[in-house]
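> One structure, pasted below without further comment.
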C-alpha cells in the first residue's frame, strides 16, 4: 500500500514537470510570435521628433477608422486649418517678445501705398492707432505691426473687398509670416454660408475679429471685437442712457426685438422663430422680410402681416422703454444691435450659439448679458421674468460701465485691443480682472504705476481700505525769492503746521536759480526744492519723492489758514478719486461762437476747481504724464497756461464726476507781491482768451466735454450755526 502511494505521487510530479517544461515553452513562444506580429503590423517608425507627436486619437477617428465624413468634427477641423494655417498659435509660439524688450510697446502702421483706398471704418482704426501714445513711425522700434490694407470686409460680394491680399502682404519685408502683426476684421465669408474665410492666409498674426466662433478662437492670442457701423464715432461717443432713466429698473416692455427676418440661408432659423414669443403686450418681437433686392421671390405667408406690424413701432422708442433686448444672430454671429442695447441700458439677451463675446479675455459678461440658446427660444420669456429687480438694476448699471469704458467710440475699441495685447506681452505688469470690470475701466489704469489695487484712488471702498492719513504739499514757485515777507514764506508756515502734512516740495519754475536751503525758513516737516525746468506741465510730473496718496497743489501766492487745509484734506479722504479744493471756475457753451467758453464769475454752479489750492491723488500725476498725449502738454508749456484746466479735464473724464468745492474763509484771488513782481498771469491780456482756446482744444482731443457742473459745496458741521464757538472744530473758518 505504501509503495502504491509512492508510485502515484511520483507519477503526478512527473506529469507537472512535463506540462511546465513543454507547455511553458509553447506559451512563451506564442507570446513572442504575437509580439513580433504586432510590431510588423504597426510598423511604427523611430522618428527623431516622435516626442512632439500627439499621443491620442480624436473620437471620430476611432469611430470611422480614419475616414473623413461630411460635416464630421474632423472635416470641420480641416476646413478650419485651411482658413487658419496656424490654428494652434499662442503668444509663446507665434509672437516675438524680443521686439518689445528694447523700446517697449510700440505700434507701427504700414504707410498707405498709392492707389490704395480704405473704408471709413478702417481709416478710423488707423487714426486711433496713430493718435495713441503707442504709435511709432520707426518700424525698428515696433513691437506690433498693423497693415495698411483694409481687411475689415472680406465678403467677396462687397464693394469694400480688397483683392490679392496674399500677394501684397507676401511682398512686405516686415511681414515675417505675420508674426507680431494684428489684423482687424468685421465681416468674413460670403453668401450662402458666411464661413470664417478671410480670403488670405493670416499666418501667425493676431486676429482681432467681430463675430468670432468659439471653435475658431485661439484663447490668449486672438481678440474678439464688437461689430460696429461706419457711423460709430471716432472719439468720445454718446454716454449711456441710464443717467436719464435709472429707476424704476423695469421699463414699459419686458423684452423687445425689431429687425430683419431672413427667409433662407444661414441665420434664418433663429429669426424665423422669433414670432413665437411675441404677445403684443410686454414682449414685442417684430421682423420684416422687406429687405434685399428679391425679397418678394422668397416671401412666405407671414411676410405681409409681419411687415405691417413692423411699421407700427419705432426702434429707438422700444430701446428706451424695454428692460431686455433680444440680440439674435444674423448672417453672422454678431450684430449692431449688441452695442445699441448696451448703450440703451437694455440688457442684451443673446441668441447666438458659439459666439466668442467681445473682449472676453478681460470682460466678465455674466454680469451684463443673458446668454440664451437658439434651440430653447421659448424658454427666454420665463427666464427674463424670473430675474429680480435688484439684479436687473445691477445688470443695467454694468452695461453702462462697459459701454462707456470700452465701446462708445472706435478709439476705445482699438485702444482696448492694444491694451489687451500689451498685458499679454508684459504679463508681469498687467491689469487684473477687477481693474477691467470696475470703474473707471481698464483704459484709465496704467499698470506700470502699480499692480496693487491699494495704490489707486478707485478701489478703497471695494477693498475695505482707506487712503493715507497724510499728504505732500507741492508749491509751484515762479517768482524769485527776494524777501522773507513774500506770500510763499507765510504759506510754508501755514501748511507745515497742519497735523496731516508729511512733507513740502517747492517746484522751482523761476528763471533765476533756486535759493539754497538756508534761505528758506525752518519747518517741522521736510522741505525739498525741485527744479521744474520752467515748464508748466512739470507741475504734474510723477516725482518719486511723493510717497503719500494725497497731493496738495498750491500756487506760491495762495492765502489759506491751517484749519482750511485740514478741513479740505479730511473731505478729500472721503472722495479720494476727485479734486477737492477752493477756487471754482466754470465752462459754458457759447451759441454765438459755437464753441466752449470759460468764466471765472461767481455763480451758483461750477465745473472746475483750480489746482492753485486743491487736493487730489498722486496717481493723477502719472496719468497726466503718460496717458495724455504730448501735444496737449506741449500746448500747456507753450502758452504757460491751462495746466490746471487740463488736470480737471483728466479727472472728470476718469470719474465722470465734478470736482468738490469746500468752504473758504476768503475769496481766492491772485495778488501782487510786495515787491511788485507779478506772480500770476492774470495781468496778461491774452491769459483769458488762451484759457478759452485751451478748453476747446482739450474737448476736441477727448472727443466730448468731460467737465461736469455741480451745485455742491461742503462746509464743516456747525458752520455758522448759532452755537458756542468752543463747540466748533473749524471755528477759524468763520472769522472775517
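Residue numbers (UniProt numbering): 1 to 736. Glycine included, every Cβ here is placed at the ideal spot set by N, Cα and C.
#1: Ends of the alpha helix (DSSP H) at residue 708?
#2: Expressed to the nearest angstrom, what Euclidean distance is found between the alpha-carbon atoms of residue 536 and residue 614?
#3: By the 10 Å Cβ neighbour count, where 16 or more other Cβ atoms means buried, how is residue 513 classified, buried or exposed?
#4: Comparing C-alpha positions only, which one of 123, 697, 213 and 341 sits nearest to residue 258?
#5: Give the DSSP bridge partners of residue 324, in chain order.
#6: Can you tell me whether residue 90 is buried or exposed, with buried defined as 16 or more other CB within 10 angstroms of its CB?
#7: Would you decide whether residue 399 is buried or exposed? Buried here means 16 or more other CB atoms lie within 10 Å of its CB.
#8: By Cβ distance below 6 Å, which residues in the same chain neighbour residue 147 in space, the five residues on each side in sequence not counted?
#9: Would you mind giving the Cβ-Cβ distance between residue 502 and residue 525, rounded to the nearest angstrom? I have them listed as a contact below 8 Å.
#10: Within 10 angstroms of its Cβ, does residue 727 collect 16 or more other Cβ (buried), or is it exposed?
#11: At which residue ranges does the segment 124-190 contain complete beta strand (DSSP E) runs of 3 or more residues, listed in the order of the chain?
#12: Would you tell me roughly how many angstroms separate the C-alpha atoms of residue 452 and residue 507, rounded to the nearest one?
#13: Assign residue 243 to buried or exposed, taking buried as 16 or more other Cβ atoms, counted over all protein chains shown, within 10 Å of its Cβ.
#14: Could you give the distance in angstroms between the alpha-carbon of residue 98 and the alpha-carbon of residue 425?
#15: If you draw a straight line from the C-alpha of residue 178 to the C-alpha of residue 241, how long is it?
#16: According to DSSP, is residue 501 helix, strand or coil?
#17: Strictly by DSSP, which residues pair up with residue 260?
#18: For residue 530, which residues does DSSP report across the bridge?
#19: Run through DSSP, which three-state label would residue 599 get?
#20: If I'm right that residue 302 touches residue 629 with Cβ under 8 Å, what's the distance once you round it to whole angstroms?
#21: Which same chain residues, not among the five before or five after residue 647, have their C-beta less than 8 Å away from its C-beta?
#22: Quick check on the DSSP output: the beta strand (DSSP E) that includes residue 590 runs from which residue to which?
#23: Strictly by DSSP, which residues pair up with residue 615?
#24: For residue 407 and residue 367, which I take to be in contact (beta-carbon distance under 8 Å), what is that distance rounded to the nearest angstrom?
#25: Run through DSSP, which three-state label would residue 675 get?
#26: Which residues in the same chain have their Cβ closer than 7 Å to the Cβ of residue 669, if we skip the five residues on either side of it in sequence?
#27: Pull up the DSSP beta-bridge partners for residue 223, would you.
#28: Measuring alpha carbon to alpha carbon, tell me which of 693, 124, 471 and 505 ends up nearest residue 231.
#29: Using only the alpha-carbon positions, how far apart do residue 602 and residue 584 sit?
#30: In its own chain, which residues sit with a C-beta less than 7 Å from the C-beta of residue 448, not counting the 5 before and 5 after it?
#31: So the beta strand (DSSP E) residue 107 belongs to, where does it begin and stop?
#32: Going straight from the alpha carbon of residue 211 to that of residue 143, what length do you get?
#33: Going straight from the alpha carbon of residue 718 to that of residue 229, what length do you get?
#34: List, from N- to C-terminal side, the alpha helix (DSSP H) runs of 4 residues or more that fit wholly inside the segment 392-424.
#35: Which residues does DSSP pair with residue 476 in a beta bridge?
#36: In whole angstroms, what is the alpha-carbon distance linking residue 120 and residue 498?
Taking the structure as given:
#1: Element bounds for residue 708: n/a, residue is neither H nor E.
#2: 17 Å
#3: exposed
#4: 341
#5: 255 and 347
#6: exposed
#7: buried
#8: 110
#9: 6 Å
#10: exposed
#11: 144-146 and 181-185
#12: 28 Å
#13: exposed
#14: 10 Å
#15: 41 Å
#16: strand
#17: 288
#18: 507
#19: strand
#20: About 54 Å; that fails the 8 Å criterion.
#21: 540, 579, 611, 616, 620 and 624
#22: 584-590
#23: 552 and 580
#24: That belief does not hold up - the Cβ atoms of residue 407 and residue 367 are roughly 15 Å apart, past 8 Å.
#25: Because the pLDDT at residue 675 is just 36, under 50, the model does not fix this residue reliably, and the point stays unresolved.
#26: Residue placement at residue 669 is poorly supported in this model, since its pLDDT is 49, which falls under 50; the coordinates are not used for a value here.
#27: 208
#28: 124
#29: 8 Å
#30: 429
#31: 107-109
#32: 27 Å
#33: 56 Å
#34: none
#35: 507 and 555
#36: 57 Å
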